[in-house]
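Using numbering that gives the first Met the number 0, the letters of the sequence shown map in sequence onto residues 0 to 186.
In this text, a Cβ means the ideal position worked out from N, Cα and C, and glycines have one as well.
The structure presented is a predicted model; accordingly, all values stated were derived computationally and were not measured.
Scroll down for the structure; my scribbles are underneath it.
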Amino acid sequence: MSSLRQFSAHDLFGYNNINLDHLTETYNLGFYFEYLAKWPDYFLTNEAPNGALTSYIMGKAEAFGRDDKQNRSKESWHGHVTAVTVDPDYRRLGFAKQLMDGLERTSEETYDGVFVDLFVRASNDVAIGMYKKLGYSVYRRVLGYYSGDEKEDAFDMRKALKRDAEKKSIVPLSPLEVSPASLWDEL
């Protein structure tokens with residue numbers, strides 16, 4: 000039986016097995032420490048009985064919108080999934096759902112968020128299918144979002160939380176395709 004718990008700085012010494020997947024975005028240690036310091040309640044891991052980490056999720060609370068940047072409307076607060084990944088040896092056991100449920104719960108209960116969003120590679124059909132099963136839908140396509148030898152598009156997927164009973168936050172944008180630069184306009 001595995002256990003879901005908050006990620007700790009010590010866990011950074013044991014998560015390499017999870018990050019070996021080619022679709023997992025990896026970051027420098029400073030990035031992980033920043034998330035751990037700013038949003039510890041959004042950084043969860045699942046631990047196997049032998050102490051091995053099987054999966055983790057990291058996220059944050061964000062505000063988007065064209066409001067006064069110093070006085071953001073509470074309507075714009077939401078949870079954001081920065082990374083969620085499961086060790087290949089532990090996939091299809093429900094760990095990703097547990098982690099996503101935990102992040103959604105934090106978004107609702109701690110931050111009174113309106114929705115949760117995430118970015119996923121447009122070519123990652125397995126992840127897209129999983130997110131759709133969890134209630135996420137495509138809000139927009141961000142052209143060339145992922146860098147590398149060949150740039151790749153991302154889907155910005157969203158799931159409305161209880162505060163958004165009318166699900167206004169997940170109505171797809173028109174036009175559906177946007178540039179990465181347009182994301183900065185929202186900040």
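- The beta carbon of Phe114 lies closer than 7 angstroms to those of His77, Arg157, Lys158, Ala159, Leu160, Asp163, Ser168, Ile169 in the same chain, with the five residues before and after it left out.
- Residue pairing by DSSP puts Leu43 in a beta bridge opposite Gln5, Ile56.
- Around the Cβ of His79, a 10 Å sphere holds 16 or more other Cβ atoms; the residue is buried.
- Distance from Asp10 to Leu43 at the Cβ level is roughly 10 angstroms; contact not present, criterion being Cβ atoms closer than 8 angstroms.
- A straight-line Cα-Cα distance of about 28 angstroms links Glu46 and Glu61.
- Judged by DSSP secondary structure, Thr105 falls within the alpha helix (DSSP H) whose first and last residues are 94-108.
- Counting C-beta pairs with one atom in each stretch, the segment 84-103 and the segment 26-45 have three or more that are closer than 8 angstroms, which means they touch.
- Apart from the 5 residues on each side of it in sequence, Tyr89 sits with its Cβ closer than 7 angstroms to the Cβ of Thr53, Ser54 in its chain, given in chain order.
- Boundaries of the beta strand (DSSP E) harbouring Met156: 151-159, taken from the DSSP string.
- In this structure, the straight-line span from the alpha carbon of Asn18 to that of Met129 is close to 19 angstroms.
- The beta-carbon distance between Lys96 and Leu35, rounded to whole angstroms, is 23 angstroms. This is too long to meet the 8 angstroms contact definition.
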